[in-house]
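Following full-length UniProt numbering, the numbering of the sequence shown begins with 1 at its first residue and continues without gaps.
All C-beta atoms, glycine included, are put in the ideal place defined by N, C-alpha and C.
For reference, the structure is listed below as structure tokens.
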Amino acid sequence: MTRKELLNKNWLFHYGELERQPLKTTKKAVSLGGLTAPLANETGSRLPISAGGNHFLKLIAQGNAEQGLLNLAGTDLTDKLSDDWKKIDLPHDWNRKVPYVNQPEKLMSGSKPDAVGYYRRTFKLSTNELNRTKTVLHFDGVMRMADVWLNGVYLGHNNSGYNSFSFDITEMARYGEEGDNVILVRADTTTGAEGWWYEGAGIYRSVWLEHRPLVSIVSDDCYIYTKSLDNSNATLGIEFSVKNDTDKLQTVIPTVSLDDKNVIRFNEVEIASYQKYDFKKTIEINDPKLWTPENPYCYSASFEIETDKIQKSFGIHTFSYTTDGFFLNGQSYQLHGICEHQDFAGVGTAMNQDIVNYKVKVMKNMGVNAWRSTHHFASEELLNACDHFGIILINENRLLESSPWRVNDLKQMVLRDRMHPSIGFWSISNEELIGNTPSGSRIAQKLTRTIKQYDHEHLIIGAELLTPEGIIDENYVKNLDVLGVNYPEAGVMGSGAKLIHKKYPKLPMMSTENASYFSTRGIYKDNGEKRQCNNFGSYFSMVLPGVRKPEDPGVGGTAHPETVMSYLKDNPYMGGVFLWTGFDYYGEPSPFNWPAISSQFGIADLCGFPKDYYYYYQAHWTKKPMVHVMPSWNKDQLNLDKQGQVEIRAFSNTEKVELFVNDHSYGKKDLTDCSANWTIPYELGELKVVAYQKDEIVAQDSRFSSSKTKQVLPQKVYEGGTTTLFALKAIDDNGKFVENANETVNLDVSDGKIIGNGNGDPIDQNLDNDKVNLFNGLALVIVSKNGDLRVQLN
């Protein structure tokens with residue numbers, strides 16, 4: 001049976017170029033040596049040499065076989081590691097521990113220097129694998145240019161930091177007493193970035209060994225998809241293939257089991273030596289359980305032959321798009337989406353499944369049902385989380401290019417991901433300069449043709465930044481199932497989307513990026529020195545320097561949340577929204593410069609702590625009664641007018657809300673756009689809003705004036721299989737949350753290891769895992785757990 005072996009533990013890492021860079025070619029087979037082969041303290045010889053080979057080497061070097069290797073093959077004779085190799089585990093983003101640099105050209109990408117890094121690991125293979133399996137070395141993702149060596153052989157190169165890639169190492173591997181197998185990986189971020197945002201560096205996703213039987217089911221060829229749905233039946237297509245990697249004719253009788261109940265049997269087939277056979281069948285399922293974000297039912301599928309078994313999940317659903325918007329399973333469905341880069345506080349891009357699960361749950365609790373992986377292929381971890389939590393995913397191609405390696409990366413992404421229940425869309429591009437040009441049209445045609453060759457059920461879009469005049473290339477747009485439009489609601493984009501809709505009324509259109517609203521968690525007045533933006537709306541501009549007037553273009557961001565939701569209400573044919581972004585992310589610190597190192601577009605901060613407008617969207621997108629009041633209630637955080645009055649805003653999905661200060665009522669108000677506003681005198685104490693449904697209290701929220709911090713309490717916000725996330729919360733001597741606390745906290749854990757921390761402050765440049773600065777009362781600590789975790793704080 002196919003078996004996966006995770007290789008994420010016990011790697012060694014070297015930051016910077018090696019004194020002797022490993023070669024890629026040599027004059028004799030398997031003879032690169034050096035760090036690509038076993039060293040003096042490891043098992044096995046530098047390379048396997050026959051008796052005749054040893055005799056020859058001694059002849060050409062006067063009896064010194066080592067010197068003969070150097071003379072004949074140019075073999076690197078290095079036999080030990082320098083002291084600057086450090087032990088690490090994967091996933092690993094080396095840039096999180098590299099000091100920030102004040103270089104304007106690095107500002108957008110996170111103010112980190114480009115560099116080279118090396119990873120090295122040994123592993124053993126049993127002789128049980130020999131002549132019985134194909135062994136494949138698999139990388140889920142390496143940022144950025146990656147070169148890989150194994151046992152003195154250069155395996156190959158990978159260009160992109162966003163695709164997965166593999167090497168068949170069956171013949172080159174060592175088995176049993178032959179000794180250790182050695183992997184050496186060189187990652188290089190100095191030769192050109194793929195994104196303008198923070199991309200991380202190194203082996204930031206998992207590494208696997210896959211052991212496949214010689215007669216095996218090809219995992220990426222396994223595909224179950226929905227061909228049609230009616231009231232009580234689903235028609236499914238089933239495709240898979242079996243590969244015979246033996247020198248004999250092989251007979252197989254495949255089966256496919258759905259939820260271990262429905263067993264679909266296929267006819268007996270003979271497969272010739274070293275050939276592959278494709279199987280296809282159409283079946284009917286009565287009363288299927290449909291996958292939706294509200295009920296994300298995932299069927300299990302087991303593809304099986306006598307020698308192999310592959311298990312996958314799939315969903316029964318249909319996706320369609322018309323001039324009336326998006327349809328899920330034949331029903332009109334509004335997309336409540338976010339756009340998101342792949343990083344997180346403290347760990348950068350090195351996010352394991354638990355961290356990704358936490359991020360998805362934070363957004364799911366806000367009412368999000370769709371996610372755009374911007375602007376790159378989604379990770380396996382994100383796909384898994386969206387499958388099981390119920391998020392419709394836009395999986396985005398990195399660039400609108402048709403070079404052979406880019407097309408191959410796209411093909412492999414589609415094959416790998418197409419069966420995931422959460423996949424709803426493929427996006428071929430984002431805001432490309434060549435979009436809507438003749439050249440762009442030809443490239444788009446090649447990419448869409450590639451996708452459709454391997455996928456039969458998902459929609460193809462492109463996320464376009466259009467002109468205010470609404471100019472498009474008709475030939476380019478014909479390649480798309482849906483024209484994606486970024487920021488159709490924004491004043492800086494004019495009436496472009498509406499003009500296109502008027503000119504092409506039968507063209508399906510979709511909002512693919514919205515808002516880009518500046519805000520800093522817990523901040524209620526702009527502060528340029530500290531690079532902070534007011535949650536009520538900043539006077540800093542997206543497109544103009546300094547503090548601006550409210551009517552200036554780009555003030556507060558590309559568009560305010562209220563503008564986004566108003567546009568959606570007036571233009572339902574756009575299908576929904578995809579807010580930029582779910583979380584703050586490293587890099588792109590607009591509207592500021594150094595020392596800001598992270599964006600402020602997020603609805604939650606880098607740690608996943610909600611900002612105030614998180615609750616505005618939650619009020620629109622969830623049904624459970626809720627209310628949220630802003631601002632904080634410490635005077636030093638507030639923007640009081642000359643009369644000592646302050647603006648109050650509440651978000652709720654109920655009928656009415658009532659404002660209290662120290663039990664004094666300022667009256668009930670109906671909600672408009674899920675919001676209510678007051679301007680009242682500041683008074684020390686408790687600010688409270690009560691929400692009513694049919695004159696009954698159904699929710700309430702309070703903010704308190706607090707004294708100094710007495711203690712910092714760790715609160716578990718997510719516990720996964722390997723990782724636990726703790727929020728650190730400042731509390732005063734009355735047990736009230738201290739929203740203006742900014743002390744430094746020293747950290748210690750037992751039965752675990754701190755792998756990252758953060759606080760959401762856009763200028764915080766802490767690199768120390770053992771301490772964290774509170775920011776407006778909160779910080780986050782991420783712990784890899786070994787047993788019964790305890791977190792100690794000072």
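Quick one: grab the DSSP three-state call for residue i.
| i | result |
| --- | --- |
| VAL745 | strand |
| GLU171 | coil |
| LYS28 | coil |
| GLY537 | coil |
| LEU447 | helix |
| GLY52 | helix |
| GLU380 | helix |
| ILE763 | coil |
| VAL368 | coil |
| ASN95 | helix |
| ILE500 | helix |
| GLU529 | coil |
| GLY202 | strand |
| MET509 | strand |
| SER241 | strand |
| ALA65 | helix |
| ARG406 | helix |
| LEU386 | According to the sequence shown, residue 386 is Cys rather than Leu. In the structure shown, CYS386 sits in a helix (DSSP, three-state: H, G or I). |
| HIS317 | coil |
| THR127 | helix |
| TRP633 | coil |
| ASP612 | helix |
Let me know if residue i comes out buried or exposed under the rule of 16 or more other beta-carbons within 10 Å of its beta-carbon.
| i | result |
| --- | --- |
| residue 804 | Any question about residue 804 goes unanswered here, given that the chain covers just 1 to 794. |
| PRO572 | exposed |
| ASP526 | buried |
| ALA29 | exposed |
| SER405 | Here residue 405 turns out to be Trp, not Ser, going by the sequence shown. Its Cβ having fewer than 16 others within 10 Å, TRP405 is exposed. |
| SER219 | buried |
| ASN436 | buried |
| ASP605 | buried |
| ARG96 | buried |
| LEU640 | exposed |
| ASP663 | exposed |
| PRO213 | buried |
Could you round the C-beta distance between residue i and residue j to whole angstroms and report it? I think they count as a contact, below 8 Å.
| i | j | result |
| --- | --- | --- |
| ASN430 | ALA463 | 5 Å |
| ILE203 | HIS92 | 6 Å |
| LEU480 | ILE451 | Actually they do not touch by this definition, with Cβ atoms about 11 Å apart. |
| residue 796 | LEU728 | Here the chain comprises residues numbered 1 to 794, so residue 796 is not present and cannot be evaluated. |
| PHE240 | PHE303 | 5 Å |
| TYR15 | TRP94 | 6 Å |
| THR318 | GLY330 | 6 Å |
| ASP140 | ARG205 | 3 Å |
In the DSSP assignment, what residue or residues form a beta bridge with residue i?
| i | result |
| --- | --- |
| TYR692 | LYS656, ILE697 |
| PHE165 | PHE139 |
| GLY33 | ASP76 |
| GLN643 | According to DSSP, GLN643 bridges with nothing at all. |
| HIS14 | TYR118 |
| SER665 | PHE660 |
| ASN395 | TRP426 |
| TYR274 | According to DSSP, which records beta bridges pairwise, TYR274 is partnered with nothing at all. |
| VAL256 | ILE264, PHE303 |
Below 8 Å between beta carbons: does that hold for residue i and residue j?
| i | j | result |
| --- | --- | --- |
| ASP76 | PRO22 | yes |
| ASN734 | GLY777 | no |
| SER519 | TYR617 | no |
| ALA691 | VAL657 | yes |
| GLY576 | GLY760 | no |
| VAL791 | VAL749 | yes |
| LYS361 | PHE389 | yes |
| VAL485 | ALA497 | yes |
| TRP291 | ILE310 | no |
| ILE754 | ASP770 | yes |
| ARG46 | LEU125 | no |
| LYS9 | ASP89 | yes |
| LYS289 | ILE238 | no |
| LYS611 | ARG531 | no |
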